[in-house]
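Have a look at the structure below before the remarks.
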Amino acid sequence: MSLMTMIIKMSEGLGKTCAIFFLTLVFSLPLGMIVALLRMSRLKIVSAITRFFITVLRGTPLMLQLLAVTYGPHYLFGADVSRNKLIPVVIAFSINYAAYFAEIYRGGIESISAGQYEAASVLGYSRLQTFMRIILPQVVKRILPSVTNEIVTLVKDTAIAFSVSYQEMFTIGKQIANSQTSFTPFVIAGVFYYVFNFVVDRIMGRFEKALSYYD
Numbered sequence: 225m226s227l228m229t230m231i232i233k234m235s236e237g238l239g240k241t242c243a244i245f246f247l248t249l250v251f252s253l254p255l256g257m258i259v260a261l262l263r264m265s266r267l268k269i270v271s272a273i274t275r276f277f278i279t280v281l282r283g284t285p286l287m288l289q290l291l292a293v294t295y296g297p298h299y300l301f302g303a304d305v306s307r308n309k310l311i312p313v314v315i316a317f318s319i320n321y322a323a324y325f326a327e328i329y330r331g332g333i334e335s336i337s338a339g340q341y342e343a344a345s346v347l348g349y350s351r352l353q354t355f356m357r358i359i360l361p362q363v364v365k366r367i368l369p370s371v372t373n374e375i376v377t378l379v380k381d382t383a384i385a386f387s388v389s390y391q392e393m394f395t396i397g398k399q400i401a402n403s404q405t406s407f408t409p410f411v412i413a414g415v416f417y418y419v420f421n422f423v424v425d426r427i428m429g430r431f432e433k434a435l436s437y438y439d
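So the sequence shown is residues 225 to 439, counted in our numbering.
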């Protein structure tokens, strides 16, 4: 198999890799904020349950979680394994990354001084207005480097989908490597991941620069 043929075949899986990446961000970023707010709840039972949820997801391998979401319903309830593997993959990735984003958000929110809340209250802002107009923009600025790091990690973690035979780029590359007894597909995959992360890093860098007025 020629080098160009390998690249073309692996490019077909790149679209599925991008689907995992973008759908995970769409669901995990807002879900992470919800989890963070629950984690910071004044109700101890809510905070404790949320903390346990976070520790389990951060303390167990993403691959294990992916296998549990994909095949767990079959072993527990006899349900058919989803033919569209993208669904359990996105669910597992979104829940896992929401736990990490939640802790990043919590750290950012708790880094804001109490005086800013008090000043906003004196000016007549409601709690929601205070959070959306004053606190959140500063939090976004402070947590952006950490969020960027998680997003870069997500690009590489998409390869874990091979464990449930989802035909993303790395899975196709692995199949070609096995059939051709060649390491070249892995080199091609490495180049794809590097370029993908390079683009992500540049985009996130622009966001950081745009928020520099909070310095």
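Using N, Cα and C, we set each Cβ at its ideal position, and we do this for glycine too.
Per DSSP, reduced to three states, the secondary structure at alanine 303 is coil, with no helix or strand assignment. Segment contact: the region 358–368 against the region 270–277, fewer than three CB-CB distances shorter than 8 Å; contact not assigned.
In the three-state DSSP reduction, serine 265 falls in the coil class, being neither helix nor strand. Burial is judged here by how many other beta carbons sit within 10 angstroms of a residue's own beta carbon; glutamine 404 has fewer than 16 and is exposed. Around the beta carbon of glutamine 289, a 10 Å sphere encloses 16 or more other beta carbons of the protein chains shown; the residue is thus reported as buried. Around tyrosine 349, the same chain offers Arg357, Ile358 as residues with beta carbons nearer than 8 Å, after the five sequence neighbours per side are excluded. For asparagine 421, the three-state secondary structure derived from DSSP is helix.
Remark: C-beta atoms of isoleucine 384 and methionine 234 do not approach each other more closely than 8 Å. For proline 312, the enclosing alpha helix (DSSP H) has its first and last residue at 310–334. Going by DSSP, glutamine 362 is part of the alpha helix (DSSP H) stretching over 360–381.
Closest in C-alpha terms to aspartate 381, from the list Ala316, Glu236, Ala260, comes Ala316. Rounded to whole angstroms, the gap between the alpha carbons of arginine 426 and phenylalanine 301 is 45 Å.
DSSP places threonine 294 within a helical segment (H, G or I) once states are collapsed to three.
In this structure, threonine 241 sits away from methionine 428, with a CB-CB distance that is not shorter than 8 Å.
The Cβ-Cβ distance between methionine 287 and serine 387 falls below 8 Å. By the 16-neighbour rule on beta-carbons within 10 angstroms, arginine 351 is exposed. Closest option to serine 389, judged by alpha-carbon separation, among Pro361, Val305, Thr229: Val305. Bounds of the alpha helix (DSSP H) holding threonine 395 are 393–404.
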